[in-house]
Amino acid sequence: MKRVSSPAEVLAEGVRRGVFPGAAAVVGRPGEVSFAGACGGFSHPEDERRVRVDTPYDVASLTKPLVTVSCLLRLVARGVVALEQPVADLLPEFGQGDPRRQTVRVEDLVRHRSGLPAWRPYFLSAPLEPPRGKARQLPRPTPASRRLVLDRALAEPLALGPGAEAVYSDVGFIVLGHLLERAAGCSLVRLARREVFEPLGLSCGFVDLLGGDAPRKELPPTGFCLWRQGLVAGVVHDENAYAMGGVAGHAGLFASAMDVFRIAVGYLEAYRGDSSWLEAGLVRRLFDSGCERSTWVGGWDTPSARGSSAGRLVSARAVGHLGFTGASVWIDLDREAVVAVASNRVHPDRHNPAIRWWRPLFHDAAFSHLDGEGQ
Numbered sequence: 520m521k522r523v524s525s526p527a528e529v530l531a532e533g534v535r536r537g538v539f540p541g542a543a544a545v546v547g548r549p550g551e552v553s554f555a556g557a558c559g560g561f562s563h564p565e566d567e568r569r570v571r572v573d574t575p576y577d578v579a580s581l582t583k584p585l586v587t588v589s590c591l592l593r594l595v596a597r598g599v600v601a602l603e604q605p606v607a608d609l610l611p612e613f614g615q616g617d618p619r620r621q622t623v624r625v626e627d628l629v630r631h632r633s634g635l636p637a638w639r640p641y642f643l644s645a646p647l648e649p650p651r652g653k654a655r656q657l658p659r660p661t662p663a664s665r666r667l668v669l670d671r672a673l674a675e676p677l678a679l680g681p682g683a684e685a686v687y688s689d690v691g692f693i694v695l696g697h698l699l700e701r702a703a704g705c706s707l708v709r710l711a712r713r714e715v716f717e718p719l720g721l722s723c724g725f726v727d728l729l730g731g732d733a734p735r736k737e738l739p740p741t742g743f744c745l746w747r748q749g750l751v752a753g754v755v756h757d758e759n760a761y762a763m764g765g766v767a768g769h770a771g772l773f774a775s776a777m778d779v780f781r782i783a784v785g786y787l788e789a790y791r792g793d794s795s796w797l798e799a800g801l802v803r804r805l806f807d808s809g810c811e812r813s814t815w816v817g818g819w820d821t822p823s824a825r826g827s828s829a830g831r832l833v834s835a836r837a838v839g840h841l842g843f844t845g846a847s848v849w850i851d852l853d854r855e856a857v858v859a860v861a862s863n864r865v866h867p868d869r870h871n872p873a874i875r876w877w878r879p880l881f882h883d884a885a886f887s888h889l890d891g892e893g894q
C-alpha cells in the first residue's frame, strides 16, 4: 500500500518544485494542533530569512471571512447591523440611481449575490503620491485615492439583479467593509482590532499606510507590481486595497498560518456552540445555507464537487476560502478540524500556476494526518 505523504513532506515539495519560496501551515482541532510546520525562505528557498509558523504573510482575500465577516457577525449580535437590512439604510449613496439597489441587503453582500461585478481596476485612476527619491520606494496612496476607490465601488452599476446568482465579488466586500466602518463609527483597523484580534489574543493586522504605518519590509515579498513599478514587500499586494491605503474589506490582512488557524477555530467552536466570541446561530445561518448553482455560502466557499482545492478527502460539510497570494483555510465541520496555509506563491511571479496542483495534494496529506494515516 502506498504511503501517504506527510504535511511536512508536501510543504517541502512545494518549495523544491517552485510553488512558492516558502510557506507555513497549521493543522488541528480546537485545543489541539496536530501539525505546525514551515519550510523555505522569504524571497527564495535559500534565503537566510527562514519562514516560521508565526511569520506574517499577506493573506489577501482571507481578509473577507477572517476580518470582514467576523466584524459583521459581532455587530449583528449586538444589534448594530441586521443581515436583512438594506445596504442603502447605512450607505444612502449606494442606493442612488438604479431602483434595484434599494433591495440589496447586507446579507446579499456577504453571500456574493448583490448583483455587483467580480472586480474593477479602480486603482488605475487613483491619485497616488510619487516616490520621494529613495531607491525602490513605491508611490504612496493618499486620502484622495482611498476616496476614489470607495466612491467608484459605491456607485458601481449592478451587473445582475440582486439575489439572482452568486458572483464572487471584491467590489461587494469593498462596499461591505465601508458599511461596517459607517455602522461602527470607526475605521476597519480599529474595528478588527476590537472585534477580532484582541478577543482572540492575536497580533495580526493591517499595514495602514494612511494611518501612519510604515511598510513592513521585514515581511515576505509578493512580487513585482507593474502598476506600482516596484517590488511589493510589507504592503498589501492587492492593487485596489493598496489605493485604499492598505485597509479594505476585501484584502489587506497580514497574518501567520497560526493566526489564520486560530480565527478559523473560533468559527468552528461557534458552529458547535462552544464560543463566547461568535454567536452559534449566526455562524450556522451563514454556513448551512447557500445560493443555488453556487458553492458560496455566507462569506465562505464550500468544496467543489470535482477538483476542489481542498483535495479528495475533505468532507462535503466544509467551508473555506482562498487568498490569491497563496493563503488558504478550510474548516471541516464533520472532522471538526482546520487546515490553514500561508505563503507568498506570487513571488517572484504572480502568474505561477503551480499552487493549483499543490493545494489538493497538501490537503489530502493534512486530512490523512488528522485521520491517523499520514503520521
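Going left to right, the sequence shown walks through residues 520 to 894 as my numbering numbers them. Just so you know, even glycine gets a beta-carbon here, dropped at the ideal spot from N, CA and C. Note that the structure is predicted; figures quoted are calculated from it, not measured.
{"Item": "Residue 579 classed as buried or exposed, judged by whether at least 16 other C-beta atoms fall within 10 angstroms", "Value": "buried"}
{"Item": "Best match in 581, 557, 565 for proximity to residue 574 [C-alpha to C-alpha]", "Value": "557"}
{"Item": "Contact under 7 angstroms by Cβ, residue 850 with residue 889", "Value": "no"}
{"Item": "N- and C-terminal bounds of the beta strand (DSSP E) containing residue 548", "Value": "541 to 548"}
{"Item": "Span of the alpha helix (DSSP H), counted from its first residue to its last, around residue 696", "Value": "689 to 703"}
{"Item": "Inter-residue spacing [alpha-carbon to alpha-carbon] between residue 747 and residue 664", "Value": "14 angstroms"}
{"Item": "Buried versus exposed, by CB contacts within 10 Å (16 or more), residue 835", "Value": "exposed"}
{"Item": "Spatially closest choice to residue 634 from 618, 640, 642, by CA coordinates", "Value": "618"}
{"Item": "DSSP three-state assignment for residue 573, whether helix, strand or coil", "Value": "coil"}
{"Item": "Same chain, Cβ closer than 8 angstroms to residue 522, neighbours up to 5 away in sequence not counted", "Value": "none"}
{"Item": "Through-space distance from residue 831 to residue 801, alpha-carbon basis", "Value": "29 angstroms"}
{"Item": "Those residues which DSSP pairs with residue 850 across a bridge", "Value": "838, 857"}
{"Item": "Buried or exposed by the 16-neighbour rule on C-beta atoms within 10 Å, applied to residue 859", "Value": "buried"}
{"Item": "Of the listed residues 735, 690, 624, 763, nearest to residue 774 (C-alpha basis)", "Value": "735"}
{"Item": "8 angstroms CB neighbourhood of residue 655 in its chain, flanking five on each side removed", "Value": "749, 750"}
{"Item": "Those residues which DSSP pairs with residue 479 across a bridge", "Value": "Only positions 520 to 894 of the chain appear in this structure, which leaves residue 479 out of reach."}
{"Item": "Assumed close pair residue 625, residue 698 - CB separation to whole angstroms, cut-off 8 angstroms", "Value": "7 angstroms"}
{"Item": "Through-space distance from residue 869 to residue 685, alpha-carbon basis", "Value": "26 angstroms"}
{"Item": "Burial state of residue 757, where buried means 16 or more other Cβ atoms lie within 10 Å", "Value": "buried"}
{"Item": "Continuous alpha helix (DSSP H) assignments of at least 4 residues falling wholly in the region 782 to 843", "Value": "799 to 806"}
{"Item": "Segment contact, 8 angstroms Cβ cut-off, at least three pairs: the region 636 to 651 with the region 585 to 601", "Value": "no"}
{"Item": "Proximity of residue 529 and residue 780 at Cβ, strictly below 7 angstroms", "Value": "no"}
{"Item": "Endpoints, beta strand (DSSP E) assigned at residue 772", "Value": "772 to 774"}
{"Item": "Distance between beta carbons of residue 554 and residue 864, contact taken as under 8 angstroms", "Value": "Not really, about 20 angstroms apart at Cβ, beyond 8 angstroms."}
{"Item": "Whole-angstrom C-beta distance between residue 542 and residue 572, which should lie under 8 angstroms", "Value": "10 angstroms between Cβ atoms; not a contact."}
{"Item": "Check whether residue 627 and residue 681 have beta carbons under 7 angstroms apart", "Value": "yes"}
{"Item": "Under the three-state DSSP convention, the category residue 534 falls into", "Value": "helix"}
{"Item": "Residue 526 beta carbon less than 7 angstroms from that of residue 884", "Value": "yes"}
{"Item": "Cβ-based burial, residue 793 [other Cβ within 10 Å; buried from 16]", "Value": "exposed"}
{"Item": "Unbroken alpha helix (DSSP H) run spanning residue 662, endpoints", "Value": "662 to 674"}
{"Item": "Residue 590 - containing alpha helix (DSSP H), residue span", "Value": "589 to 596"}
{"Item": "Backbone CA spacing between residue 660 and residue 744 [nearest angstrom]", "Value": "15 angstroms"}
{"Item": "Sheet register partners of residue 659 (DSSP bridge)", "Value": "648"}
{"Item": "Nearest residue (CA-CA) to residue 818, options 848, 597, 546", "Value": "848"}
{"Item": "Three-state secondary structure assigned by DSSP to residue 755", "Value": "coil"}
{"Item": "Extent of the continuous alpha helix (DSSP H) to which residue 875 belongs", "Value": "874 to 889"}
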